[in-house]
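Residue numbers (UniProt numbering): 1 to 180.
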């Protein structure tokens, strides 16, 4: 009786005729014009260090703000930790587009779409329609100036007057530090 098992032949590489992308950042952006723009504007940008916390540490020292983070549904996001890949982050933001309430980008040929499902299922961030605007109640708050100050280059002088924590209590300062 003949052997009914099929033999599969493994091939090295993808079935398409295109060249595989290189493992370094030079092969990640295929358009030469966009690649030159990336090298000039984004390749050397500094990436902020990732902050993560252990809420149990603050509960042990009788801080009350961990309960606020739990009520807001931010526990999972604040306690995440792991490796970051600066080159991937730069390419992610370089290709970032926002249309019709959906954020999309492309990294190493992979299209990434960040919609409400991603924010709720992956990042475990709740989405509320009745969210309170943070800037309400702040005198002389200029939304455009604040937005532009966050976009500036890190070494440039920025208006930090609105970010001062001088009048805050210890718990409020800890929350400010963790968020900013």
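Just so it is clear, CB atoms sit at the ideal spot from N, CA and C, and this is done for glycine as well.
Between which two residues does the beta strand (DSSP E) carrying residue i extend?
{"i": "residue 108", "result": "From DSSP, residue 108 is part of no beta strand (DSSP E); its letter is neither H nor E."}
{"i": "residue 61", "result": "First-last for residue 61: undefined, no H or E at that position."}
Check residue i in the structure and name its three-state DSSP category.
{"i": "residue 89", "result": "helix"}
{"i": "residue 143", "result": "helix"}
{"i": "residue 84", "result": "coil"}
{"i": "residue 175", "result": "helix"}
{"i": "residue 114", "result": "strand"}
{"i": "residue 22", "result": "Here residue 22 scores only 48 on pLDDT, less than 50, and its place in the model should not be relied on; the value that follows carries that caveat. Coil at residue 22, not helix or strand."}
Could you please give the first and the last residue of the uninterrupted alpha helix (DSSP H) stretch that includes residue i?
{"i": "residue 45", "result": "Careful: residue 45 lies outside any alpha helix (DSSP H) and carries neither H nor E."}
{"i": "residue 54", "result": "Run containing residue 54: none; DSSP gives neither H nor E here."}
{"i": "residue 78", "result": "75 to 78"}
For residue i, tell me which candidate among the options has the shortest Cα-Cα distance.
{"i": "residue 45", "options": "139, 93 and 168", "result": "93"}
{"i": "residue 42", "options": "68, 59, 89 and 111", "result": "89"}
{"i": "residue 174", "options": "70, 35, 32 and 65", "result": "65"}
{"i": "residue 120", "options": "51, 72, 84 and 99", "result": "72"}
{"i": "residue 39", "options": "87, 70 and 106", "result": "87"}
{"i": "residue 85", "options": "167, 48 and 36", "result": "48"}
{"i": "residue 61", "options": "170, 35 and 177", "result": "170"}
Please state whether the Cβ-Cβ distance between residue i and residue j is less than 8 Å.
{"i": "residue 75", "j": "residue 96", "result": "no"}
{"i": "residue 91", "j": "residue 107", "result": "yes"}
{"i": "residue 115", "j": "residue 102", "result": "yes"}
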